[in-house]
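Structure first, then comments.
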Amino acid sequence: MSRLALAALAGLALATASGAAAARTWTDPAGRVVFDAPDGWSVMEQRATNMTYVIVGTADNECHVIAAQHPETATMTVDQIINVGSNDANYTDEAWVRIGATMPMVFSAPPQLVSKREDANAGWPLQLAQLQGERLVHSAVQLRPGLDLFAFCQTYEGADPVATYDALIRSIRTPNDQALLAQATPAPAPAPQ
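Under the numbering used here, read the sequence shown as residues 6 to 198, first letter to last.
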């Protein structure tokens with residue numbers, strides 16, 4: 006974890022130790038994002054304008070979770086957002102490097118793309134990538150109308166807890182995801198054989 010954030014988290018962990026173990030789900034006071042923090046991981050909200058920025062982690066592992074307003078997509082339908090989010094042409098190697106370069110808390114220089122793939126996340130397309138900077142960073146992007154959700158997870162010492170990172174990334178959602186998905190056009194039923 007970034008050493009400055011680690012010192013702040015240590016103080017926060019001492020102040021909230023009695024309730025931290027029981028509360029796994031973190032809900033953004035601004036109503037932009039919800040996620041499930043791994044047991045024993047501290048959650049520290051960062052000051053940011055027009056976005057929610059949270060660092061979740063331990064001394065050896067951290068994930069940056071960001072919910073950034075995207076006014077240009079606010080009037081798009083859920084179907085349009087799902088189509089944009091699932092279009093691999095929007096997530097080229099160069100686009101991933103640009104996304105990483107916007108995160109100076111994670112990358113000290115533009116990263117290199119190691120791998121990328123698309124997956125589904127409770128009905129929403131989930132774009133995943135591994136970006137190499139000083140460390141390997143497990144990254145993700147999801148879209149909602151008017152909102153982009155990002156995650157960047159890295160390890161400072163030891164092996165990457167890939168399953169833990171994956172569980173946290175897949176838990177990232179908005180409080181109105183189900184209501185939004187109800188607006189989507191249902192997928193056509195498979196043809197009878």
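Beta carbons: idealized from backbone N, C-alpha and C, even for Gly.
Counting only residues of its own chain and dropping the five nearest sequence neighbours on each side, A106 has a CB closer than 6 Å to the CB of P115. Boundaries of the beta strand (DSSP E) harbouring N66: N66 to Q74, taken from the DSSP string.
If you draw a 10 Å sphere on the C-beta of T32, you find fewer than 16 other C-beta atoms in it, and that means exposed.
Judged by DSSP secondary structure, I104 falls outside any beta strand (DSSP E) and instead within the alpha helix (DSSP H) spanning D98 to A106. The secondary-structure analysis by DSSP pairs D153 across a beta bridge with A73 and L148. Put simply, the segment 43–59 does not touch the segment 113–132. Fewer than three CB pairs are less than 8 Å apart. In this structure, the straight-line span from the alpha carbon of I177 to that of V39 is close to 6 Å.
By the neighbour-count criterion, in which a residue is buried when 16 or more other Cβ atoms sit within 10 angstroms of its Cβ, A35 is exposed. For N126, the pairing in a beta bridge is given by DSSP as W129. The beta carbon of D171 is closer than 8 Å to those of H143 in its chain, skipping five residues each way along the sequence.
When Cβ pairs closer than 8 Å are counted between the two stretches, the segment 111–126 is seen not to touch the segment 73–89, the count staying below three.
Residues A73 and H75 of the same chain have their beta carbon placed closer than 6 Å to that of D153, with the five preceding and five following residues left out of the count.
With a cutoff of 8 Å on beta-carbon distance, V83 and Q188 are scored as near each other.
Checking the DSSP bridge columns, you'll see E162 has no partner listed.
Residue nearest to D41 within the set N55, L186 and P180 is P180 (criterion: CA-CA distance).
Shown here for V70: same chain residues with a beta carbon closer than 7 Å to its own, the five before and five after excluded, namely V38, F40, V59, V61, A156 and I177 in chain order.
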